[in-house]
Structures are given as C-alpha cells and as structure tokens.
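Residue numbers (our numbering), protein chains in the order written: chain A, 601 to 911; chain B, 601 to 911. C-beta atoms are modelled at their ideal positions from N, C-alpha and C, and glycine is treated no differently. As the structure is a computational prediction, the values presented were derived from the model and not from experiment. Notes for the one structure printed next.
2 protein chains.
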Amino acid sequence: MEHTLGAEPTHSVWDRTMEPRLRIAPGDVVHMECVDASGGQVGPGSTVEGFLGIDRTRIHALTGPVWVDGAEPGDVLQVDVLKVAHKGWAWSSVISGLGFLDARFTEPYLFQWKLDRNASLSMAPAVVPLRPFCGVMGVAPAEPGAHRTRPPGYFGGNMDVRELSEGATLYLPVSNAGALFSAGDAHAAQGDGEVCINGMECPADVSLRFSLHKQRTLRGPMIEAAARVGEDGAAWIVVESGEDAFKTAQTATSRLIDLLVAEWGFSDVHAYILLSVAMRLRLSQVVNRPMTTVSAGIAKSILPGRRLFSR
Amino acid sequence: MEHTLGAEPTHSVWDRTMEPRLRIAPGDVVHMECVDASGGQVGPGSTVEGFLGIDRTRIHALTGPVWVDGAEPGDVLQVDVLKVAHKGWAWSSVISGLGFLDARFTEPYLFQWKLDRNASLSMAPAVVPLRPFCGVMGVAPAEPGAHRTRPPGYFGGNMDVRELSEGATLYLPVSNAGALFSAGDAHAAQGDGEVCINGMECPADVSLRFSLHKQRTLRGPMIEAAARVGEDGAAWIVVESGEDAFKTAQTATSRLIDLLVAEWGFSDVHAYILLSVAMRLRLSQVVNRPMTTVSAGIAKSILPGRRLFSR
C-alpha cells in the first residue's frame, strides 16, 4: 500500500512519546514531503542577514514519525530509498563557531545553489554532481525524553552519510513499538565530512519502502549502497558514530568483521585480513558535534549474491 | 631515457646522507624491482612460526635512493606510476600488539594469497580485486639522521594510500639535493585503513617516470588518481599524516581548500562549501603508529581540464 505524508507539522527532537503522524504496515511505501533543514525559514531569496535571524531550534524540521505496525524493540527496520527528488534550489552556509574548520572560517556566509536535474553549475567552473539523500533518517531512541537531532547514534538520525541516495537500503535497530521513523535534512549533494556544516540543503520529495526483520542482531545503522555512475560501486556499509574519530573507526571496522563472520561465514581473522585488503573507510560527517560518523564498507562485487537478514 | 634498478641492496631507513644507487635526469623512466616488505624473508611456503622469527628491522626493504639531477629543496618531484605488476603471490599477517584492532586480534597469523591477473580467489567466497601499488613512496626527509620507515610524513613514505596504483601521479616536496626517492612495500591490494597491519604484501615490478617542478609550494604529498573500473573516478587528492585522526583530517581539508584557491581561483569560502558538498574523506591508513594518514580528494569530473603546476 502507498501513503502520502506532508511535511507539516515538522518536528525537531527525537522523542519516543511523540504521536505518530502515519500508521503503515510492513511492505508499504510512503511518499514523504520534506522541507529543507531550516524548516522553510531559508529560501532562494534569503540573505545572510536573514539567515542569521532564523530560529535554529527548528532544525532539522523532520517529517514523521511513521508508525510501522508490528515493529518491536529488537527488530530491524529496513528502509529502501526509492526516490529523493530535489526541487531546483538549495543553500549552504558558514556559521561562526560551527564546521570542521571553524578556526579558519569565522565569517557567516550564505550560498545559493541552482540545481539542474543531475548537477549544479552555480559554483563555476565546478560541475557538482547531485545525488540527493536525507541527512537524517532514524527511529526514536530508547532513552526517554526529548533529544536534539544534531548528534547521530545507534538509532540512525543525523548521520549525513552520502551513500543513502536513491537505490540504497538502510537497516536500523528498532527501540520502540512502531519504530517511529522520521526523515529530513535533505541534501541535493554532500561530500564526505560535510565540512562547512551543510550539504546542499534543500526541500525534497522522498519515497521510502519499509520492511521488518523480526528480532535480529544489529548494533547500529547499516547500509546497502547502490552503484553510482562515475563513483563507487555498490557496497555493504556499517555506520558508526562516536566522539573519538579513531575509536569510532575501530568500532565500525569491528562491526563489519562481525557482519562478514555472521553472514558470509568467514573466520574472525580472515574477515579482518579481508577488510585490510578491501575495506572503504570514510569520515562521513565530522561536524555533528560531539559525534563523528564513520562508514566502513566493502564492495558488493567482492561478496556477491547475498541478501542481509534473508534467513 | 629508461633505467633499470634491481632491488638489492634494499634499505630500511630514511637518511639524507644515503648514497644514491641510480642517477637520472628529469623525464627519465626507472623500472624498479621491489622485494616484498619483509625483504624476501617471507615467501609462498612460509609458516606463521617462521614469520615470527624474521628480522623486522629489515622492513620495508625499499628500492633506492634514486637521485634526480637538478632537484633541490623547494622543488616538487612528480612521480607518474606507469606500472605496478605483482608476481602471483602475496601474504598478509596478524601480529600481536599491532593493527587497528589489536585488542581483538591477539594471535599471530599468516595468510597466503595466490594472485590471478586482476583478482585473488584465495579467500573464497570473496573475489578480491587487485590494484597493485607501492605502500611506500617517498623522498629523503630534511631532518638529519636515520629515521625508521614506519611513520609517513610530509616527505611521503609509508602512506599506504591505495589510490597510488597504475595511472596515478604522486607529487612530493623535495627536501634534499637530488630528491633521493625510494619505493617499496608493494601491495597487490589494500583497503582504506590497512587495518590488520598489512595489505597483500608482494614483490613487484614497478615503472615510474620522474619530473621536476622548480620551486613550487607543496606542504605535503598530493595525488592525481586515475579512474578505476567499478570504483572511484579520477580525483585530486591531498594526503596528510598526523598523530590525531580528526586534526589530520582538518589539515588535509584545509590543504585541499588551498589547492582549489590557488589552482582554480575559488574564494576561500567557496572552496570550503564546494568541499562540503563534494569531498571524499578517507582514512587511508590507521596502523602506521603514531601516524594516521587521511586522504582528502575531489573528483576530476567536478574540476575538469587542469594540470597541476602547469604555469
């Protein structure tokens, strides 16, 4: 079954007690409207002065929550990204005190992108390819209370992993009845790191299909990434967020070893060596303080013919 | 002009006073023989017991140094990687106390790879693509004395950047007359991170072309990477090594901004935003203690038609 969900009212915290805006069954598709991360406070005509006056507590202005019938703590929620379509414009900013190079870039700045279908020429001579995705996709965390959406975690959230574009599948551990999924913070494009604090922030029409895997072990987000022309091949990717980049990369690597052992039957040490000769290890975001998000992946061409959670 | 340089005698320290084994002119090609990183102490028939007894001070058993006529401190040495050919076999090990997950993997282990032309099937069901490159490519550092080859630095060295495969170009800042270039530690394949402490360690035949750019600003290694089938497109990549992964990634990002400003004429803030929407940020190696090596890159398809140091 297919559903449509408008953006408003958006929400800007994670809270397990939040009332679902839509109830669906496993297998259903939801066509979601997402406003930009500012919640519509920034538009194509905005100036840096206006930008400085926006209400930042409204970020990330998520669409949801979506209740998935039958979802319970210990399940895995599978989210197939069927479509992420931008609407022709986006913005990126520099904000004093934020960003990866906040000591070097101290002046506020607002840049407007005009978006063609597959690229933006707004920063000539650069030709920037567009691969829209949601910077935030997550389920309500287990901990009670209202949590700011900036830090990502085991529940997904503000991961800003650019591989979550059309064709990707996201797997998330469910912590609450109904899963309570929300998405937003769409980026028409984003680099690894999201270094200036923004991708190409844009409103988007997003189509997602939801499925459930009952009572599976999954310690944090995992992605099955699709091939992208001129870029990476398809891959299995473990996503880990933590306060120390090096330790977070260690945990991500260790989780990917566990996956190879559990799903492909490698011995521990063989999985370790295989990753040593074939892993992709990326700093997906370095700005969602205090968390850094690391993606540890392996090309599907190396390990063909397997579906996760298929048993 | 073309030259041939056998592997022996190898060397295992960086030292600016080392006698060159070959003198060439800019534009010349050198066909270098490289033994494996152990200096031939490990072979297809080696056991883990034998492996534990090798003389580890002989690692990385480099070929060189090569003196480049006219090279002086402040110049940039350009190294075009014309060929890196493995010889059908390789090894990978786990060594107690080394590696990214040394707390999890404490038992010594030795794995033998049989290499077909473009892939290894030794760890079935994995099909591991081969993209041979030299883990170590560098020039003698400015500092006097003998320096162990494990930590990489501004002079290149043990960077273990997998993008240095056939078709890549490496740019290094010259610190001494003649540049004094050496290479070795060939890997038939390696993942980002080189997490178990090894790639597919192999002997290799390596062909390199050397050129000079007189008195150019270059603070550390830079790579022009070639496209790889089923993997990344071609890219400009800044390589930075440092003791803190997060800070090293900041420095690499900052250097890539400087490059965009200097070579493509972007403003500082536009370069920052462009990288925020288009950068690749990778942990190339996380095991050459105390240094982590970060690669910050941007696809050449985004910034077409430019040669570095062409003015």
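- In the three-state reduction of the DSSP assignment, I659(A) falls in the coil class, being assigned neither a helical nor a strand state.
- Following the DSSP letters along the chain, one finds Q678(B) inside the beta strand (DSSP E) bounded by residues V676 to H686.
- Under the 10 Å beta carbon count, M601(B) is surrounded by fewer than 16 other beta carbons and is classified as exposed.
- T749(A) is positioned such that its CB atom lies closer than 8 Å to that of G757(A).
- Here I654(A) carries a coil assignment [DSSP, helix/strand/coil].
- When DSSP states are grouped into helix, strand and coil, K714(B) belongs to the strand group.
- When only Cα atoms are considered, V839(B) and L605(A) end up about 45 Å apart.
- Taking a cut-off of 8 Å on C-beta distances, the region 739-753 of chain A does not touch the region 872-882 of chain A, as fewer than three cross pairs fall below it.
- In the displayed model, L730(B) falls within coil according to three-state DSSP, outside both helix and strand.
- Under the DSSP assignment, V877(B) falls in the alpha helix (DSSP H) whose first and last residues are D868 to A878.
- Taking one beta carbon from each stretch, the region 754-773 of chain B and the region 852-871 of chain B have fewer than 3 pairs nearer than 8 Å; the two do not touch.
- Within chain A, the residues H870 and L874 have their CB atoms less than 7 Å from the CB of M723(B), given in chain order.
- Residue-level contact check: M822(A) does not touch chain B, since none of the beta carbons of chain B fall below 8 Å from its beta carbon.
- Annotated three-state conformation of V894(B) is strand, per DSSP.
- For I857(A), no beta strand (DSSP E) run applies; the uninterrupted alpha helix (DSSP H) run containing it begins and ends at A845 to W864, by DSSP.
- Beyond the five residues adjoining it in sequence on each side, P803(B) comes within less than 7 Å, by CB distance, of C634, V635, D636, K687 and A786 in the same chain, given in chain order.
- Legend: CB atoms of the region 784-805 of chain A lying less than 9 Å from CB atoms of chain B belong to residues H787, A788, A789, Q790, G791, D792, G793, E794, V795, C796, I797, N798, G799 and M800.
- For a cut-off of 8 Å, the C-beta gap from D675(A) to H813(A) is around 6 Å, short enough to register as a contact.
- Residues of chain B with a Cβ closer than 9 Å to the Cβ of T853(A) are, in chain order, F700, L701, G793, V795 and V886.
- In the structure shown, V613(A) falls within a strand segment according to DSSP collapsed to helix, strand and coil.
- Separation of S884(A) and M822(A) (C-alpha to C-alpha, rounded to the nearest whole angstrom) is 13 Å.
- Residues of chain B with a Cβ closer than 7 Å to the Cβ of Q850(A) are, in chain order, F700 and L701.
- By the CB criterion at 8 Å, L710(B) and V648(B) fall inside the cutoff.
- Close to M879(B), with beta-carbon spacing below 7 Å, are these residues of chain A in chain order: G791, D792, G793 and V795.
- Of all residues in the region 727-747 of chain A, only V727, V728 and P729 come within less than 8 Å of chain B when Cβ atoms are compared, listed by chain position.
- The Cβ neighbour count for L715(A), taken over all protein chains shown within 10 Å, is at least 16; the residue is labelled buried.
- Chain A has no Cβ within less than 8 Å of the Cβ of F781(B).
- It is roughly 13 Å from the alpha-carbon of M800(A) to the alpha-carbon of G793(A).
- Listed along the chain, the chain A residues whose CB falls inside 9 Å of the CB of F711(B) are V869, H870 and I873.
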